[in-house]
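K.L.:
Dropping the structure in here first, questions after.
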Amino acid sequence: MDLKIRPAMPDDAPFMAPLVNEADGGLPLQIWTSLARPGEDPWEVGIRRIQNDDTPVSWSMGWIAELENRPVGLVIVHQLSETPEELRATIMSPLWAPIVELELLAIDTAYIEAVSVIPEMRGQGIGARLLAFAERFRGPEGTSVIMANQDTPALIHLQRNGYREIARRPMVKDGWETPGTHWVLLRKPFAE
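Just so we're aligned: the sequence shown equals residues 24 to 215 in this note's numbering.
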């Protein structure tokens, strides 16, 4: 398989939005819906936010996996080096608060914001390649990721790849329907 990983571009946002939403347990769509003006498509809100340089989930931190020039997956990774005050300032909804609490425990790591592969290409090692690629950006404290607890296959995959659970926080639902109950912070230390 001739997989290429390239930097994301703003025009990748329509491809990225559904994968980001899936990787984050459906929370992005809930947030985008709350930000949409009456009659506005929440997916368009999400695409615009991804096209922005200074949002928590931006194209500028993304990498696209391609097979034969066709996008098949993505990873969004960045150094989590903000101060506690800067991280708390990113809370745009109560739903986000437990994630920020966990991010505060992951400072000085490379934070994998999202890793996802299109459904028809799963099970072929693309996610593992994206994960290994993201780990190249590890911080002094290693690499971290926050997952919804209902994503059992992803949690098992991460644990098989050296990630260990550090903490979990209850989800704030506030009208958001999801099968998950907790956000889970996993970290892979620098030495591994």
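Note that beta-carbon positions come from the ideal geometry of N, C-alpha and C, so glycine has one too.
Would V168 and L127 be called neighbours here (beta carbons separated by less than 7 Å)?
P.N.:
For V168 and L127, no; Cβs fall outside 7 Å.
K.L.:
When you compare the CB positions of A46 and A133, do they come within less than 7 Å of one another, or not?
P.N.:
For A46 and A133, no; Cβs fall outside 7 Å.
K.L.:
Going by other Cβ atoms of all chains shown within 10 Å of its Cβ, with 16 needed for buried, is R72 buried or exposed?
P.N.:
Its Cβ being crowded by 16 or more others within 10 Å, R72 is buried.
K.L.:
Out of A171, L52, S139 and R93, point me to the one whose CA is closest to V68's CA.
P.N.:
Ranking the options by Cα distance to V68, first place goes to L52.
K.L.:
Would you tell me roughly how many angstroms separate the C-alpha atoms of R152 and N184, rounded to the nearest one?
P.N.:
When rounded, the distance between both Cα atoms is 11 Å.
K.L.:
Quick one: using the 10 Å Cβ neighbour count with 16 as the cut-off for buried, is Q182 buried or exposed?
P.N.:
Looking at its Cβ environment, which holds fewer than 16 other Cβ atoms inside 10 Å, Q182 is exposed.
K.L.:
With three or more C-beta pairs closer than 8 Å as the rule, is the region 77 to 86 touching the region 54 to 68?
P.N.:
Contact fails: fewer than three Cβ-Cβ distances are below 8 Å.
K.L.:
Out of I141, G48 and L103, which has the shortest C-alpha to C-alpha gap to T204?
P.N.:
It is G48 whose Cα lies nearest to the Cα of T204.
K.L.:
Taking all protein chains shown into account, decide if N44 is buried (16 or more other Cβ within 10 angstroms of its Cβ) or exposed.
P.N.:
Counting Cβ neighbours within 10 Å, N44 comes out buried, since at least 16 surround it.
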